[in-house]
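Everything below concerns the one structure shown next.
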Amino acid sequence: MTSTMNKQIKTVLFHVIVLGCGLLMLYPVFWLMSASVKPTTEIFTSKSLWPSAFTFEHYSNGWNGMRNIQFGSFFLNSMMLCIIAVIGTVLSSSMAAFSFARIEFPLRKVFFALMLGTFMLPGHVTLIPQYIIFHKLGWVDTYLPLTVPKFLGDAFFVFLIVQFIRGIPRDLDESAKIDGCGWTTLFFRIILPLSSPALITAAIFTFMGTWDDFFGQLIYLSDIKKFTVPLGLRLFLDSSGSSNWGAVFAMSVLSIVPSLTIFFLGQKYFTQGIATTGIKG
Amino acid sequence: MQKYKTYLAGYLFLLPWLIGFLCLTLSPIGASFYLSFTNYDLLTTPKWIGLDNFKSMFTDDYRMMDSIKVTLQYVFLSVPFRLAFALGLAVLLNQGMKFLGFYRTIYYIPSLLGGSVAISVLWKQVFDQNGIFNDGLAFLGIQGHNWIADPRYAIYSLIGLSVWQFGSVMIIFLAGLKQVPGELYEAATVDGAGVMRKFWRITMPLLTPVIFFNLTITLIQSFQTFTKAFIISRGTGGPINSTLLYSLYLYIKGFTFMEMGYASAMAWLLLVIIAAFTGLLFLSSRYWVYYSDGRD
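This is the structure in structure tokens:
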């Protein structure tokens, strides 16, 4: 009797602590959401999370933006960048992965080792020369430095997809070849569809990584018309900041909606992706 | 003939990555190494100055010293706390209670959002004079402070933001904990081992490879933190260089002052620092990392 009581108390205590700490951690995020719908006078004065009156003026003020540039255009630019980045990364990384995992050719092991070697390399080392290259090509202040490299594979995702392809039985390759399939057909018709979980994981992480890639966008984009969401937010913070916190908060909330949506839709892939590669965060 | 066709196919599929590797990784590494011994402003030709960049980093660039100090402080405080929280929560969540998926999601959300500009903007507000952190302190009867404006405390708000994002590390720990065979605990219980003893004698040793992995990854990432420091200090690294993380200073040198030679030299120094710490971790690992498959 007492032991079941004890156990129940323990269970309740467990949930109270775990849930309590979790909500405490998320409190700033809740506060942000609440501040984005509070009347301006209430944002820093009211301690309550629940606004006395809901207002959406911050959203419309923020969305209408500044200097004739609407926040909506930042969203469109970011979306476009992300979609191109996802297509490029998934296609080029899976091609390289297929080659590493399934085709025998000279120097394959050397290249694979070199690729693994680039894992640990901080991006700073290649940053300046890359900038110089793009500058010489006249690509600075266009989207090209942010999109073209995505079509040249990403070591992390190549590795992730190689690991996955290695798990697909080779018998399939053999029977496909007997049926007269070439490498291209084998890749597009058999290997790609079967590796979809790894491809989805790569797509999700590429999307999130590009959506939040402040550094790259900061360096390469300077025309406000080309600005993305992170740059738009920063512009907002610096120019209207203290006078218009409500709008900054409202746009901040909007900027995290795509990440949250993708996370909840693809949660399964997320946990696997993090557990196998340790990326993100 | 067939053989060469196979070779060709292999290289064709590898081609995009190969081009990227040669043009955007390998040759830039060489170029950056060369540039680190030059004075270069992007417009005129690079001027060879030998080791001057490296010399001035250690002698007359006081911001560099501040930057290294702040970065080490950031790394050595945020990494252990981040790992400790992640491990603690993972062990707690691994108790086999209900709603694991739900809790995992809650704790992961900060990691998911933490790299965004939005959260850095929010964080600036959290630690402001009238921010919610001070509200919390006031609730406990403690006098608040303008944390972000005070050079003594500004770095702690960045450390706090980093520790707040422990969720992704926690997920890796959870995956590691799932690998620990349940029979070991059962056997230990039969032998009369208590909770603490089981944790220190079974869980911890079996988890050391995962701890090692997380430690390495988090350390490397932390040395490269940029967005938080940039947004919170409005791109200055202030007040008085107190949030001038290494990457931010490198950005300022390279892209504000256009001292691309100096920035390249900084990148190489960062590589050496990271390699040194990672190397030390690998060397130390044989004394504390336990591989259950008998590897040494």
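Taken in sequence, the protein lines are chains P and V. Using my numbering, read the first sequence as starting at 1 and increasing by one per residue. Using my numbering, read the second sequence as starting at 1001 and increasing by one per residue. The beta-carbon is built from N, C-alpha and C at its ideal position, and this holds for glycine as well. This structure is a prediction, so every number in the text was calculated from the model and none was measured.
Which bits of chain P does residue i rub up against, with CB to CB less than 9 Å?
{"i": "Ala-1149(V)", "result": "Those within 9 Å of Ala-1149(V) in chain P number zero; the least Cβ separation is about 13 Å."}
{"i": "Pro-1080(V)", "result": "Within 9 Å Cβ-Cβ: nothing; Pro-1080(V) doesn't reach chain P, min ~16 Å."}
{"i": "Thr-1044(V)", "result": "The contacting residues do not exist; Thr-1044(V) stays about 13 Å from chain P at best."}
{"i": "Tyr-1007(V)", "result": "Ile-103, Glu-104, Phe-105, Pro-106"}
From the DSSP secondary-structure annotation, give me the bridge partner or partners of residue i.
{"i": "Thr-1038(V)", "result": "Trp-1048(V)"}
{"i": "Ile-9(P)", "result": "DSSP lists no partner for Ile-9(P)."}
Can you find the residues in the same chain that come closer than 8 Å, C-beta to C-beta, to residue i, ignoring five residues on each side of it along the sequence?
{"i": "Leu-1281(V)", "result": "Phe-1212, Leu-1215, Thr-1216, Leu-1219"}
{"i": "Ser-1032(V)", "result": "Ser-1264, Ala-1267, Trp-1268"}
{"i": "Asn-6(P)", "result": "none"}
{"i": "Leu-32(P)", "result": "Phe-249, Ser-252, Val-253"}
{"i": "Ile-262(P)", "result": "Ile-204, Phe-207, Met-208"}
{"i": "Leu-26(P)", "result": "none"}
{"i": "Leu-1250(V)", "result": "Ala-1263, Met-1266, Ala-1267, Leu-1270"}
{"i": "Pro-1209(V)", "result": "Gly-1176, Val-1289, Tyr-1290, Tyr-1291"}
{"i": "Ile-43(P)", "result": "Ala-35, Trp-245, Gly-246, Phe-249"}
With a threshold of 6 Å on Cβ separation, who are the neighbours of residue i within its own chain once the five nearest residues in sequence on each side are excluded?
{"i": "Ala-176(P)", "result": "Leu-186, Ile-190"}
{"i": "Phe-164(P)", "result": "Ser-195, Ala-198"}
{"i": "Val-18(P)", "result": "none"}
{"i": "Tyr-1108(V)", "result": "Gly-1167"}
{"i": "Met-1057(V)", "result": "Met-1064"}
{"i": "Gly-285(P)", "result": "The question about residue 285(P) has no answer, for chain P in this structure spans 1 to 281."}
{"i": "Ser-1067(V)", "result": "Leu-1244, Tyr-1246, Tyr-1249"}
{"i": "Met-1113(V)", "result": "This sequence places Leu at residue 1113(V); Met is not what is there. The answer, listed in chain order, is Ile-1119."}
Could you tell me which chain P residues have their CB closer than 7 Å to the CB of residue i, listed as they occur along the chain?
{"i": "Val-1121(V)", "result": "Leu-233, Leu-237, Val-248, Ser-252"}
{"i": "Pro-958(V)", "result": "For chain V, the structure presents residues 1001 to 1296; residue 958(V) sits outside this window and is missing."}
{"i": "Leu-1092(V)", "result": "Val-18"}
{"i": "Leu-1271(V)", "result": "Pro-122, Val-125"}
{"i": "Ser-1032(V)", "result": "Val-125, Thr-126, Ile-128, Pro-129"}
{"i": "Gln-1274(V)", "result": "In the sequence as displayed, the identity of residue 1274(V) is Ile instead of Gln. Per Cβ cutoff of 7 Å: Pro-122."}
{"i": "Ala-1264(V)", "result": "Sequence check: residue 1264(V) is Ser here, not Ala. Residues of chain P passing the Cβ test: Ile-128."}
{"i": "Gly-1297(V)", "result": "There is simply no residue 1297(V) to check, as chain V begins at 1001 and stops at 1296 in what is shown."}
Among the residues of its own chain, which have a CB less than 7 Å from the CB of residue i, if the five just before and after it don't count?
{"i": "Met-1258(V)", "result": "Asp-1041, Leu-1042"}
{"i": "Ala-1094(V)", "result": "The amino acid at residue 1094(V) is misidentified as Ala; the sequence shows Asn. Excluding sequence neighbours, Asn-1094(V) sits near Leu-1174, Leu-1177."}
{"i": "Gly-153(P)", "result": "Ser-92, Ser-93, Ala-96"}
{"i": "Gly-281(P)", "result": "Unreliable placement is indicated for Gly-281(P), whose pLDDT of 40 sits below 50; the coordinate value is still reported in the next sentence. So no residue of the chain qualifies."}
{"i": "Phe-1127(V)", "result": "Phe-1133, Trp-1147, Ile-1148, Ser-1157"}
{"i": "Phe-54(P)", "result": "Val-37"}
{"i": "Asp-1296(V)", "result": "Its pLDDT being 45, under 50, Asp-1296(V) is placed unreliably in this model, and the coordinates cannot settle the point."}
{"i": "Phe-1277(V)", "result": "Leu-1219"}
{"i": "Leu-146(P)", "result": "Leu-81, Gly-216, Gln-217, Tyr-220"}
{"i": "Ser-222(P)", "result": "Asp-141"}
{"i": "Gly-1261(V)", "result": "Leu-1035, Ser-1036, Thr-1038, Asn-1039, Tyr-1040, Pro-1046, Asn-1053"}
{"i": "Lys-1003(V)", "result": "none"}
{"i": "Trp-139(P)", "result": "Pro-145"}
List, in chain order, every chain V residue whose beta-carbon is nearer than 7 Å to that of residue i.
{"i": "Trp-31(P)", "result": "Ile-1132"}
{"i": "Leu-26(P)", "result": "Ile-1106, Ile-1109"}
{"i": "Ile-256(P)", "result": "Leu-1113, Ser-1116, Ala-1118"}
{"i": "Ser-99(P)", "result": "Gly-1010, Phe-1013, Leu-1014"}
List the residues of chain P that residue i touches, going by C-beta distances under 8 Å, in chain order.
{"i": "Trp-1268(V)", "result": "Val-125"}
{"i": "Phe-1226(V)", "result": "Phe-214, Phe-215"}
{"i": "Tyr-1103(V)", "result": "Val-18, Leu-19, Gly-22"}
Which chain V residues are close to residue i, counting only those with a beta carbon under 9 Å from its beta carbon?
{"i": "Met-95(P)", "result": "Leu-1012, Phe-1013, Leu-1014, Leu-1015, Pro-1016, Trp-1017"}
Against residue i, what residues of chain V qualify as contacts under a CB-to-CB distance less than 8 Å, listed in chain order?
{"i": "Thr-11(P)", "result": "Met-1097"}
{"i": "Ser-259(P)", "result": "Leu-1112, Leu-1113, Ser-1116"}
Chain V contacts made by the region 179 to 209 of chain P, where a contact means CB separation under 9 Å: Gly-182, Trp-183, Thr-184, Phe-187, Met-208, Gly-209
Where are the alpha helix (DSSP H) runs, 4 residues long or more, that stay fully inside the region 145 to 180 of chain P, in chain order? 155 to 166, 171 to 178
Of the residues that make up the region 1232 to 1257 of chain V, which ones have a beta carbon closer than 9 Å to any beta carbon in chain P? Arg-1234, Gly-1235, Tyr-1246, Ser-1247, Leu-1250, Tyr-1251, Gly-1254, Phe-1255
Return the residues of the region 121 to 144 of chain P that lie within a Cβ-Cβ distance of less than 9 Å from chain V, sorted by chain order. Leu-121, Pro-122, Gly-123, His-124, Val-125, Thr-126, Leu-127, Ile-128, Pro-129, Gln-130, Tyr-131, Ile-132, Ile-133, His-135
Name, going along the chain, the residues of the region 1109 to 1140 of chain V whose beta-carbon falls closer than 7 Å to a beta-carbon of chain P. Ile-1109, Pro-1110, Ser-1111, Leu-1112, Leu-1113, Gly-1114, Gly-1115, Ser-1116, Val-1117, Ala-1118, Val-1121, Leu-1122, Val-1126, Asn-1130, Ile-1132, Asp-1135
Return the residues of the region 210 to 231 of chain P that lie within a Cβ-Cβ distance of less than 7 Å from chain V, sorted by chain order. Asp-212, Phe-214, Phe-215, Ile-219, Pro-230
Of all the alpha helix (DSSP H) runs that stay within the bounds of the region 1062 to 1144 of chain V, which reach a length of 4 or more residues? 1062 to 1093, 1100 to 1114, 1117 to 1126, 1132 to 1139
Counting only runs that start and end within the region 184 to 223 of chain P, where is the alpha helix (DSSP H) found for 4 or more residues in a row? 196 to 211, 214 to 220
Please list, in chain order, the residues of the region 1155 to 1171 of chain V that have any C-beta partner in chain P closer than 8 Å. Trp-1164, Gln-1165, Gly-1167, Ser-1168, Val-1169, Ile-1171
Short of 8 Å Cβ to Cβ, which residues in the region 1198 to 1219 of chain V face chain P? Phe-1213, Asn-1214, Ile-1217
Only counting runs of 3 or more residues, tell me where the beta strand (DSSP E) segments fall wholly within the region 115 to 141 of chain P, in order along the chain. none
For the region 41 to 52 of chain P, which residues have a CB atom closer than 9 Å to at least one CB atom of chain V, in sequence order? Phe-44, Thr-45, Lys-47
Anything in the region 149 to 164 of chain P with a Cβ closer than 7 Å to a Cβ of chain V? List those residues in chain order, please. Pro-149, Phe-151, Leu-152, Gly-153, Val-158
Residues from the region 69 to 91 of chain P in contact with chain V, defined by Cβ distance under 7 Å: none
Compile a chain-ordered list of the residues in the region 107 to 118 of chain P whose CB is closer than 8 Å to at least one CB of chain V. Arg-108, Phe-111, Leu-114, Met-115, Thr-118
Scan the region 1217 to 1263 of chain V and note each continuous alpha helix (DSSP H) run of 4 residues or more that stays entirely inside, going in chain order. 1227 to 1232, 1246 to 1251
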